[in-house]
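Protein chains in written order, with the working numbering: chain F, 94 to 246; chain Y, 485 to 595.
What follows is a set of notes on a single structure, which appears directly below.
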């Protein structure tokens, strides 16, 4: 993983009841970093959906399994410039997750499920899955934009 | 903490929902909405989402399931009072147009 400055590290259990705690903490963190309100909500949604996927798919509903979440401020190269960003890494020890399977449903059809990964990809600038040393590792990056940049000005 | 209460007006039920609709609370939300539609056969179910500050994909999936149930049963499901957070998630799902959405309760109650 990258060598950015560590802002927050959380050791969680795979209990759905803890999701609201993570959302509140992450919302405050994103706000403190200077993300506009809509971008804060996007980051929170992506992380919440990622944790939901871990609980439902990697741990298949077990509520006492470990999840590690780390949040770093990093610099990423974009358009020839170095830009500030928030990097989020989630690790679990559950079964291997097939990302293709998670997003295998067309959104055009009215049907439930399959939306979580779509939300993550739409909300973040990068979403990368990998399996390492028996763990699922999910890395997500969100570029820090000003309110005007987020609106596309 | 999710809270749901019901108000009954003639052939309409308004479900006032408050809190977060997420993996932990979606089963309760889904159960309440489907009970009104499938068990009680309420002709019109209005979901007051004014006090819902967060909804995730499992919550959206439950809304879709309730919408399907309403269509199957010939009843109506109307959402109103969506916060920016809820509206953004529905727009992101690209399903926002399939729902009947009103700004206020007055508009939602109107025939």
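The C-beta atom is built at its ideal place from N, Cα and C for all residues, glycine as well.
Proximal residues to residue i (C-beta, below 6 Å), its chain only, five neighbours per side dropped
| i | result |
| --- | --- |
| residue 507 of chain Y | 542 |
| residue 162 of chain F | 103 and 183 |
| residue 500 of chain Y | 489 and 532 |
| residue 498 of chain Y | 491, 530 and 532 |
| residue 540 of chain Y | 506 |
8 Å Cβ cut-off: residues of chain F touching residue i
| i | result |
| --- | --- |
| residue 569 of chain Y | 134 |
Within chain F, the residues that residue i reaches when beta carbons sit closer than 9 Å
| i | result |
| --- | --- |
| residue 576 of chain Y | 135, 138, 208, 211, 212, 215 and 216 |
| residue 540 of chain Y | 112, 138, 141, 142, 145, 208, 209 and 212 |
| residue 572 of chain Y | 131, 134, 135 and 138 |
Neighbouring residues, chain Y, relative to residue i (Cβ below 8 Å)
| i | result |
| --- | --- |
| residue 181 of chain F | Near residue 181 of chain F there are no residues of chain Y at all, since even the closest Cβ is about 16 Å away, more than 8 Å. |
beta-carbon residue i near the ligand NAD non-hydrogen atom, thresh 7 Å
| i | result |
| --- | --- |
| residue 169 of chain F | In the structure on display, the ligand NAD does not appear, and there are no ligands present to speak of. |
Contact set between residue i and chain F, taken where Cβ atoms lie within less than 7 Å
| i | result |
| --- | --- |
| residue 508 of chain Y | 109, 110 and 112 |
| residue 504 of chain Y | 113 |
Buried or exposed (CB count within 10 angstroms, at least 16 for buried), residue i
| i | result |
| --- | --- |
| residue 588 of chain Y | exposed |
| residue 249 of chain F | Residue coverage of chain F in this structure runs from 94 to 246, which leaves residue 249 of chain F outside it and unanswerable. |
Beta carbon proximity, residue i to chain Y, threshold 8 Å
| i | result |
| --- | --- |
| residue 148 of chain F | yes |
Closer than 7 Å at the beta carbon, the chain Y residues around residue i
| i | result |
| --- | --- |
| residue 116 of chain F | 538 |
Close Cβ partners of residue i (< 8 Å) along its chain, the five nearest in sequence each way excluded
| i | result |
| --- | --- |
| residue 221 of chain F | 231, 232 and 233 |
| residue 137 of chain F | 116, 119, 120 and 123 |
| residue 153 of chain F | 187 and 188 |
Cut-off 7 Å between Cβ atoms - residues of its own chain near residue i, not counting five sequence neighbours on either side
| i | result |
| --- | --- |
| residue 142 of chain F | 209, 212 and 213 |
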